[in-house]
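So the protein sequences, as listed, match chains Y and S.
Count along the first sequence from 1, then add 293; that gives the number in our numbering.
Count along the second sequence from 1, then add 293; that gives the number in our numbering.
No residue lacks a Cβ here, since even glycine has one placed at the ideal position from N, Cα and C.
Quick caveat, the model's predicted, so the values are computed rather than measured.
Number of protein chains: 2
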Amino acid sequence: MELWYTEKQTPNVGITCKTISTLVVEKTNYQELAIIDTVQYGRMLVLNGMVQTTVKDEFVYHEMITHIPLFTHPNPKTVAVIGGGDGGTVREALKHPSVEKVYLVEIDERVVENSKRYLPEISCGLSDPRCEVLFQDGIEFIAQHENSFDVVLVDSTEPIGPATGLFSKDFYSSIYRALKEDGLFVAQTESPFFNAELIRSVYASIKQIFPVTRLYLASIPTYPSGLWSFTLGSKRYDPLEVDEEKILEIDTKYYSPEIHKSVFKLPRFVKNLLESCE
Amino acid sequence: MELWYTEKQTPNVGITCKTISTLVVEKTNYQELAIIDTVQYGRMLVLNGMVQTTVKDEFVYHEMITHIPLFTHPNPKTVAVIGGGDGGTVREALKHPSVEKVYLVEIDERVVENSKRYLPEISCGLSDPRCEVLFQDGIEFIAQHENSFDVVLVDSTEPIGPATGLFSKDFYSSIYRALKEDGLFVAQTESPFFNAELIRSVYASIKQIFPVTRLYLASIPTYPSGLWSFTLGSKRYDPLEVDEEKILEIDTKYYSPEIHKSVFKLPRFVKNLLESCE
Numbered sequence: 294m295e296l297w298y299t300e301k302q303t304p305n306v307g308i309t310c311k312t313i314s315t316l317v318v319e320k321t322n323y324q325e326l327a328i329i330d331t332v333q334y335g336r337m338l339v340l341n342g343m344v345q346t347t348v349k350d351e352f353v354y355h356e357m358i359t360h361i362p363l364f365t366h367p368n369p370k371t372v373a374v375i376g377g378g379d380g381g382t383v384r385e386a387l388k389h390p391s392v393e394k395v396y397l398v399e400i401d402e403r404v405v406e407n408s409k410r411y412l413p414e415i416s417c418g419l420s421d422p423r424c425e426v427l428f429q430d431g432i433e434f435i436a437q438h439e440n441s442f443d444v445v446l447v448d449s450t451e452p453i454g455p456a457t458g459l460f461s462k463d464f465y466s467s468i469y470r471a472l473k474e475d476g477l478f479v480a481q482t483e484s485p486f487f488n489a490e491l492i493r494s495v496y497a498s499i500k501q502i503f504p505v506t507r508l509y510l511a512s513i514p515t516y517p518s519g520l521w522s523f524t525l526g527s528k529r530y531d532p533l534e535v536d537e538e539k540i541l542e543i544d545t546k547y548y549s550p551e552i553h554k555s556v557f558k559l560p561r562f563v564k565n566l567l568e569s570c571e
Numbered sequence: 294m295e296l297w298y299t300e301k302q303t304p305n306v307g308i309t310c311k312t313i314s315t316l317v318v319e320k321t322n323y324q325e326l327a328i329i330d331t332v333q334y335g336r337m338l339v340l341n342g343m344v345q346t347t348v349k350d351e352f353v354y355h356e357m358i359t360h361i362p363l364f365t366h367p368n369p370k371t372v373a374v375i376g377g378g379d380g381g382t383v384r385e386a387l388k389h390p391s392v393e394k395v396y397l398v399e400i401d402e403r404v405v406e407n408s409k410r411y412l413p414e415i416s417c418g419l420s421d422p423r424c425e426v427l428f429q430d431g432i433e434f435i436a437q438h439e440n441s442f443d444v445v446l447v448d449s450t451e452p453i454g455p456a457t458g459l460f461s462k463d464f465y466s467s468i469y470r471a472l473k474e475d476g477l478f479v480a481q482t483e484s485p486f487f488n489a490e491l492i493r494s495v496y497a498s499i500k501q502i503f504p505v506t507r508l509y510l511a512s513i514p515t516y517p518s519g520l521w522s523f524t525l526g527s528k529r530y531d532p533l534e535v536d537e538e539k540i541l542e543i544d545t546k547y548y549s550p551e552i553h554k555s556v557f558k559l560p561r562f563v564k565n566l567l568e569s570c571e
């Protein structure tokens, strides 16, 4: 007997994966959570029926949401990760020797607990002494801070359910206040093929608040359309002005100094999308 | 009642699309052919159970297999497309004012006939007076020519069935002879996530024959993993030495002069794959 996990990524298209076993299915206080072991991608974390991360392709998302901003800031010491309870973003942030403290602010304790138990390759950074895990609403956490962080990474689910507010202009203004005077932030901002309106709206909002606003792309097989966007807002540093020669060598599979700037070179339909925000 | 078309892209992962109707299902002399109308991607051409092209995302593949080589050659006049019976690559090649002649060499007449009837947006170039359609084995066609083409585009199916020989070193040697003294060629070379061994083998073969060998990437939602590779072999011109300022403006949705070089900047795992061929 073959069991396949099929996810509707939009109402009209989906991904289907042959499974080995279903390890967890539970309803937390915030969402439905599952951990499924698949042949192609290894174990995957699914929230509200959407794949969040898989053991085999998580490196793309976690490296790309982390190293672009952390190598754009010349000396990031204090980092806040909003969402990201699987721990992959924390693991990547801790590869930067300048980083002294990473706050992981996850609303759903069960995401962290299940990730620690079933996804140790991803969650390993959560037990590092530099990491502090807080089970709190990310919007509330950011609102409670001022002039506090060098980098904020918004590692959220889709803009439905608890994550909706993480895609609002008010939240980006709140991040602006929570960042130090030369701070910057990145948010995951969905697929340019499927979420053009969302990207346009987020980019326009961030651009009204931050002097430097940039969008970059990465290829993530298990995410809808396979092409994913990240939007960066920065008070001072521009990722396109980084001297790649000076980027430290760290252990990565997707990110490299060589692609640090090229990921901002956008296919024409994506560039046109952003130009309509000018 | 909802009907979904589900394709196993590997034995363990697939894509599934909600359909509107199935327009064609037939067994040709060479393969099984279907044209299915889907909600997300419009009409799609399926050969041997693999999506070849869809109305909504075909622009990525067809622009990227064509414009990178045609803007690398300073004056491409004679182009041969091997495979590509849907006509999308021909349509893109004809956007280059220097192009005087495009040979479309498709082994399966039924691909062309069905594409003309059901995929007019894609096949429109096939009726252009500069295009000559030949129903012939591409390997045979290339072997019959010497010093004939400025650019050859290998727009093949997966390396199974009739296309197997199109991924062989003998074929690349044959293309070398068929090209003019400053000619170049590109082949579609599958997904770096799923076909690492194939890419390594093709890249190593081409590198043994052509002085300039380069691999580049594009994001194609309906292809396995969503990330696709193209490998270029050139006798003289290097895509990385093109002056982007001088690239002609043509109507595209993915390709632009701005991404002409950045698509050669590879994620580390892809770069490592190629370095193992050095």
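Separation of Asn488(Y) from Arg588(Y), as counted between CA atoms: The structure shown does not extend to residue 588(Y), since chain Y spans only 294 to 571, so no value can be given for it.
Where Gly476(Y) falls, given that 16 or more other Cβ within 10 Å makes a residue buried: Position 183 of the first sequence, counted from the start, is the residue given in the question as residue 476(Y). When all chains shown are included, Gly476(Y) counts as buried.
Supposed close pair Arg384(S), Cys417(S) - CB separation, criterion 8 angstroms: On the second sequence, position 91 is the one that residue 384(S) refers to. On the second sequence, position 124 is the one that residue 417(S) refers to. Rounded, the Cβ-Cβ distance is 6 angstroms, consistent with contact.
Any 3 or more C-beta pairs closer than 8 angstroms across the stretch 436-445 of chain Y and the stretch 406-423 of chain Y: Result no; under three Cβ-Cβ pairs closer than 8 angstroms.
Residues of the stretch 330-355 of chain S with Cβ closer than 9 angstroms to any Cβ of chain Y, in chain order: Of all residues in the stretch 330-355 of chain S, Thr331, Val332, Gln333, Tyr334, Lys349, Asp350, Phe352 and Val353 have a Cβ within less than 9 angstroms of some Cβ in chain Y.
Through-space distance from Pro367(Y) to Glu537(Y), alpha-carbon basis: For this step, residue 537(Y) is matched to residue 244 along the first sequence. For this step, residue 367(Y) is matched to residue 74 along the first sequence. Their Cα atoms are separated by approximately 12 angstroms.
Cα-Cα separation, Lys388(Y) to Ile492(S): Along the first sequence, read from residue 1 onward, the residue named residue 388(Y) stands at position 95. Along the second sequence, read from residue 1 onward, the residue named residue 492(S) stands at position 199. Spanning the two alpha carbons is a distance of roughly 30 angstroms.
Lys564(Y) to Cys570(Y) span [Cα, whole Å]: As a first step, residue 564(Y) must be located in the first sequence, where it is residue number 271. As a first step, residue 570(Y) must be located in the first sequence, where it is residue number 277. Taken atom to atom, the span from the alpha-carbon of Lys564(Y) to that of Cys570(Y) is near 10 angstroms.
Contact between the stretch 511-524 of chain Y and the stretch 514-534 of chain S (3+ Cβ pairs under 8 angstroms): Counting Cβ pairs under 8 angstroms, three or more are found: they touch.
Residues bridged to Thr381(S) [DSSP beta-bridge criterion]: As a first step, residue 381(S) is located in the second sequence; it is residue number 88 there, counting from the start. Per the sequence presented here, residue 381(S) reads as Gly, with Thr not at that position. Bridge partners of Gly381(S): none, in fact.
Per-residue DSSP class, three states only, for Phe503(Y): Indexing the first sequence from 1 puts residue 503(Y) at position 210. Of the three classes helix, strand and coil, the one that applies to Phe503(Y) here is coil, per DSSP.
Simplified DSSP state of Gly519(Y), which is helix, strand or coil: Taking the first residue of the first sequence as position 1, residue 519(Y) is located at position 226. Coil.
6 angstroms Cβ shell around Ala373(S) - same chain, five flanking residues per side excluded: Within the second sequence, numbered from 1, the residue matching residue 373(S) stands at position 80. Tyr396, Phe442 and Val445, listed in sequence order.
Cut-off 7 angstroms between Cβ atoms - residues of its own chain near Ala436(S), not counting five sequence neighbours on either side: On the second sequence, position 143 is the one that residue 436(S) refers to. Cβ-Cβ distances below 7 angstroms link Ala436(S) to Ser467 in the same chain, with the five nearest sequence neighbours on each side left out; the list follows chain order.
Where the alpha helix (DSSP H) through Phe364(Y) begins and ends: In the first sequence, counting from the first residue as 1, residue 364(Y) sits at position 71. No alpha helix (DSSP H) holds Phe364(Y); DSSP gives it neither H nor E.
Of the listed residues Thr365(Y), Gln302(Y), Thr315(Y) and Val306(Y), nearest to Leu296(Y) (C-alpha basis): Against the first sequence, residue 296(Y) aligns to sequence position 3. Closest in C-alpha terms to Leu296(Y), from the list Thr365(Y), Gln302(Y), Thr315(Y) and Val306(Y), comes Thr315(Y).
Per-residue burial, Met294(S) [other beta carbons within 10 Å of its own, 16 or more giving buried]: Mapped onto the second sequence, residue 294(S) falls at position 1. Residue environment for Met294(S): exposed (fewer than 16 other C-beta atoms within 10 angstroms of its C-beta).
Cβ-based contacts, 7 angstroms cut-off: residues of the stretch 298-321 of chain S near chain Y: Within the stretch 298-321 of chain S, the qualifying residues are Thr299, Thr303, Asn305, Val306, Gly307, Ile308, Thr309, Cys310 and Lys311.
8 angstroms Cβ cutoff met for Glu356(S) and Tyr509(S): Along the second sequence, read from residue 1 onward, the residue named residue 356(S) stands at position 63. Along the second sequence, read from residue 1 onward, the residue named residue 509(S) stands at position 216. Note that the C-beta distance between Glu356(S) and Tyr509(S) is not below 8 angstroms.
Cβ separation of Phe478(S) and Val447(S), assumed to be a contact under 8 angstroms, to the nearest whole Å: Residue 478(S) sits at position 185 when you count from the first residue of the second sequence. Residue 447(S) sits at position 154 when you count from the first residue of the second sequence. Yes, they are in contact, since the Cβ atoms of Phe478(S) and Val447(S) sit about 7 angstroms apart, within 8 angstroms.
Listed by chain order, chain Y residues near Pro367(S) by CB distance under 9 angstroms: Residue mapping note: residue 367(S) aligns to position 74 of the second sequence, counting from 1. Those do not exist, as Pro367(S) stays about 22 angstroms from chain Y at its closest Cβ, beyond 9 angstroms.
Which listed residue (Thr371(Y), Phe557(Y) and Thr299(Y)) has its alpha carbon closest to that of Met343(Y): As a working note, residue 343(Y) is residue 50 in the first sequence. The closest CA to that of Met343(Y), considering only Thr371(Y), Phe557(Y) and Thr299(Y), is found on Thr299(Y).
Chain-ordered neighbours of Phe464(Y) on chain S, where CB pairs are closer than 7 angstroms: In the first sequence, counting from the first residue as 1, residue 464(Y) sits at position 171. Result: empty, since nearest Cβ-Cβ is about 28 angstroms, beyond 7 angstroms.
8 angstroms Cβ cutoff, Ile552(S) in contact with chain C: Judged by its chain identifiers, the structure shown contains no chain C, and its protein chains are Y and S.
Interfacial residues, the stretch 458-492 of chain Y to chain S, with Cβ spacing under 8 angstroms: Look at the stretch 458-492 of chain Y: the residues with a C-beta under 8 angstroms from a C-beta of chain S are Phe486.
Distance, Ala480(Y) Cα to Leu566(Y) Cα: Within the first sequence, the letter at position 273 stands for residue 566(Y). Within the first sequence, the letter at position 187 stands for residue 480(Y). Going from the Cα of Leu566(Y) to the Cα of Ala480(Y) covers about 17 angstroms.
Cutoff 8 angstroms: Gly377(Y) Cβ touching any chain S Cβ: What you label residue 377(Y) is simply residue 84 of the first sequence in a count that begins at 1. No, Gly377(Y) does not count as interfacial toward chain S.
Supposed close pair Val572(S), Phe434(S) - CB separation, criterion 8 angstroms: With chain S represented from 294 up to 571, any question about residue 572(S) goes unanswered, as that position is not in the structure.
Three-way DSSP call (helix, strand, coil) for Cys570(Y) in this model: In the first sequence, residue 570(Y) corresponds to position 277, counting from 1. Cys570(Y) falls in the coil class under three-state DSSP.
Range covered by the beta strand (DSSP E) that runs through Gly342(Y): For the purposes of this step, residue 342(Y) is taken as the residue at position 49 of the first sequence. Counting along the chain, Gly342(Y) falls outside any beta strand (DSSP E), and DSSP gives it neither H nor E.
Supposed close pair Tyr465(Y), Gly380(Y) - CB separation, criterion 8 angstroms: Locating residue 465(Y) in the first sequence gives position 172, counting from the first residue. Locating residue 380(Y) in the first sequence gives position 87, counting from the first residue. Wrong, their Cβ atoms sit about 24 angstroms apart, outside the cutoff.
Cut-off 8 angstroms between Cβ atoms - residues of its own chain near Glu393(Y), not counting five sequence neighbours on either side: Sequence index remark: in the first sequence, residue 393(Y) carries index 100 (1-based). Close CB contacts of Glu393(Y) within its chain, under the 8 angstroms cut and outside five residues either way in sequence, are with Lys370, Thr371 and Arg423 (chain order).
Burial state of Pro485(Y) (16 or more Cβ within 10 Å): Within the first sequence, numbered from 1, the residue matching residue 485(Y) stands at position 192. Counting of Cβ neighbours within 10 angstroms places Pro485(Y) among the buried residues, the total reaching 16 or more.
Any C-beta of chain S under 8 angstroms from that of Pro362(Y): One-based indexing of the first sequence puts residue 362(Y) at position 69. Chain S, which has no Cβ nearer than 8 angstroms to the Cβ of Pro362(Y), makes this no.
Nearest-angstrom beta carbon gap, Pro455(Y) and Ile400(Y) [assumed within contact, 8 angstroms]: Along the first sequence, one-based indexing puts residue 400(Y) at 107. Along the first sequence, one-based indexing puts residue 455(Y) at 162. Indeed they touch by this definition, with Cβ atoms about 6 angstroms apart.
Test item: CB-CB of Leu549(S) and Arg561(Y) under 8 angstroms: For the purposes of this step, residue 549(S) is taken as residue 256 along the second sequence, with counting starting at 1. For the purposes of this step, residue 561(Y) is taken as residue 268 along the first sequence, with counting starting at 1. Sequence check: residue 549(S) is Ser here, not Leu. With respect to the 8 angstroms criterion, Ser549(S) and Arg561(Y) are classified as neighbours on the basis of their beta carbons.
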